[in-house]
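Enquirer:
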Amino acid sequence: MERIDRKTSDFVLLLDLTLLIGLGIIALYSASSYYAEKLFKDPAYYLKKQIIWVFIGIFLVLLGSLTPKEMLKKLNPLILFTSFVLVLMTFIPGLGRPVLGAKRWIFAFGMSFEPSELVKFSVVLYLSVILSKKQDKINDPLYSILPPLIVVSIFVGLIYMQNDFSTAFFILFVALSMFFIARVKLIYFVLLGSVIVPLGSLLLFTKEHRVKRLIAFLNPLSDPSGSGFQVIAAKTALINGGFWGRGLGLGVKKLGGLPEAHSDFIFAVICEETGFIGALIVITLFIIFAWRGYALAFKAQDDFGYYLAFGISTIIMFQALLNMAVVTGLVPATGIPLPFFSSGGSSFLMTMIMAGLLLNISRDING
């Protein structure tokens, strides 16, 4: 009989993904129950929403893992254009509304969507297609570097105009990391840096709330009831957790003492309730995810898979690192969510489809 060649996904990555989703559901319920009861009279409000996102996300993981790469390449212009249009829609009065100072959400038909989450993926997909096509002439500035850099700069500029400096910086970092692994000469990074560093520094200090965030990071006690409140609350939660934690569901900072406990600062709740051990487990799971993702990149069958796996892994790992760094007081507050854990459908669903694409690449390798 003729042997049937079955492609299999990376088991370690799949198991790690399952654990991240499962722990994310538990952590979100614990972090959000008090706030949900207070606001919606239903402690399971965010849990129910997250379970819906998980079921949709499972479908997206399957879709991502089974979509042929050639089809993905063909869809690249459409995805990029859709991202561009959606970002522009955030500037339309009535559709785009500011949330916590940043106008990065679209509200329509009783639903909300954050286009910048799609932009992260679409930029990585676009660069994966372009860099893989132009690999032979990667150091030709007019052919291989300038055109994609202009596209990336347009998106970074639009995201910045939403008053979302952190996400703009995030997208730029991911894009430059992809240029770096494409072996673009160091001189071009030096030239870019000579423009980006002074311009970024100038833009950073053009808004009062960014300056306050920076001051709160350097000295939270300078404004303990204002810009420093969140930083102090997060650090207190970490101290309360100690080594073993207070116990799942027994955290106290989430009871009104920690803004965004179920979203951007959910890691603080994890640390308070499960302690150093719980935090270490979460960090380890993200390290395993990054390890498998980057391993897939370097084992990929073609340049497109190499860039795509690297870009996706960088998005998810860098988001996790930034979020945890904010909570632990290593960097100023960014508004970057913790993948698989923070509430929010836009971020979760885009993360799931990207995880599916990593499994897709692993199937090619294991096939």
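So the sequence shown is numbered by my numbering: it starts at 776 and just counts up by one. Every residue gets a Cβ at the ideal spot worked out from N, C-alpha and C, and that includes glycine. This structure is a prediction, so every number in the text was calculated from the model and none was measured.
Which residues mark the beginning and the end of the alpha helix (DSSP H) in which Ser808 is found?
Expert: Unbroken alpha helix (DSSP H) run through Ser808: 786-815.
Enquirer: Taking the beta carbon of Gly968 as the centre, do at least 16 other beta carbons fall within 10 Å, making it buried, or is it exposed?
Expert: It is exposed - the Cβ of Gly968 has fewer than 16 other Cβ atoms within 10 Å.
Enquirer: With three or more C-beta pairs closer than 8 Å as the rule, is the region 830-843 touching the region 1129-1137?
Expert: Cβ pair count under 8 Å is three or more, so yes.
Enquirer: Got a sec, what are the start and stop residues for the alpha helix (DSSP H) Pro890 sits in?
Expert: Its alpha helix (DSSP H) spans residues 890-908.
Enquirer: Identify whether Ala883 lies in helix, strand or coil by the three-state DSSP scheme.
Expert: Reduced to three states, the DSSP call for Ala883 is strand.
Enquirer: My assumption, with CB atoms under 8 Å, is that Leu795 sits in contact with Leu1060. Please give the rounded CB distance.
Expert: About 5 Å; that satisfies the 8 Å criterion.
Enquirer: In three-state terms, what does DSSP make of Glu777?
Expert: Since pLDDT at Glu777 reaches only 35, below the 50 mark, its modelled position is unreliable, and the value read off the structure follows with that caveat. Coil, per DSSP.
Enquirer: Which same chain residues, not among the five before or five after Met882, have their C-beta less than 7 Å away from its C-beta?
Expert: The displayed chain sequence assigns Phe, not Met, to residue 882. Correct list, in chain order: Leu870, Arg872.
Enquirer: If you draw a straight line from the alpha carbon of Gly1031 to that of Leu789, how long is it in whole angstroms?
Expert: C-alpha separation (whole angstroms): 36 Å.
Enquirer: Quick one: Cα of Met879 to Cα of Ile1041, how far?
Expert: In the sequence under discussion, the amino acid at residue 879 is Arg, which differs from the Met named in the question. Each residue's alpha carbon lies about 21 Å from the other.
Enquirer: Any idea what DSSP makes of Val1006, helix, strand or coil?
Expert: In the structure shown, Val1006 sits in a helix (DSSP, three-state: H, G or I).
Enquirer: Can you tell me the Cβ-Cβ gap for Val1101 and Ala1108, rounded? I've got them flagged as a contact below 8 Å.
Expert: Right, their Cβ atoms sit about 5 Å apart.
Enquirer: Here's a check: name, in chain order, each residue in its chain whose Cβ is nearer than 7 Å to the Cβ of Glu812, leaving out the five neighbours to either side.
Expert: Once the five neighbours on either side are set aside, the close Cβ partners of Glu812 are Pro818.
Enquirer: So, using beta-carbon positions, are Phe948 and Phe1093 closer together than 9 Å?
Expert: Yes, the pair counts as a contact, with Cβ atoms nearer than the cut-off.
Enquirer: Nearest to Glu983 by alpha carbon, out of Ile1014, Phe940, Ser1137?
Expert: Answer by Cα proximity: Phe940.
Enquirer: If I measure Cβ to Cβ from Val1106 and keep anything under 6 Å in the same chain, skipping five residues before and after, which residues do I get?
Expert: Closer than 6 Å at Cβ, skipping near neighbours: Ala1100.
Enquirer: Distance, Cα to Cα, Ile925 vs His1037?
Expert: Near 36 Å, if we compare the C-alpha coordinates of His1037 and Ile925.
Enquirer: Could you compute how far the alpha carbon of Gln1005 sits from the alpha carbon of Ala957?
Expert: For Gln1005 and Ala957, the distance between alpha carbons rounds to 39 Å.
Enquirer: For the beta strand (DSSP E) that contains Arg872, what are its first and last residues?
Expert: Taken as a continuous stretch (DSSP letters only), the beta strand (DSSP E) holding Arg872 covers 871-874.
Enquirer: How close, in whole Å, do the beta carbons of Leu1124 and Gly832 come, if the pair is a contact with beta carbons under 8 Å?
Expert: About 6 Å; that satisfies the 8 Å criterion.
Enquirer: Can you name the start and end residues of the alpha helix (DSSP H) that Val1138 belongs to?
Expert: It is Arg, not Val, that sits at residue 1138 in the sequence shown. Residues 1120-1141.
Enquirer: Could you tell me which residues DSSP puts in a beta bridge with Pro868?
Expert: Bridge partners of Pro868: Gly871.
Enquirer: In this structure, how does DSSP classify Lys849 when only helix, strand and coil are distinguished?
Expert: Helix at Lys849.
Enquirer: I need the straight-line Cα distance from Phe1051 to Ile1058, nearest angstrom please.
Expert: Each residue's alpha carbon lies about 10 Å from the other.
Enquirer: Tell me where the alpha helix (DSSP H) around Ala1065 begins and ends.
Expert: Note, Ala1065: alpha helix (DSSP H), 1041-1074.
Enquirer: Leaving out five residues on either side along the sequence, give the residues of the same chain with a beta carbon under 8 Å from the beta carbon of Met953.
Expert: The answer, listed in chain order, is Val899, Leu902, Ser903, Leu906, Tyr1082, Phe1085, Gly1086, Thr1089.
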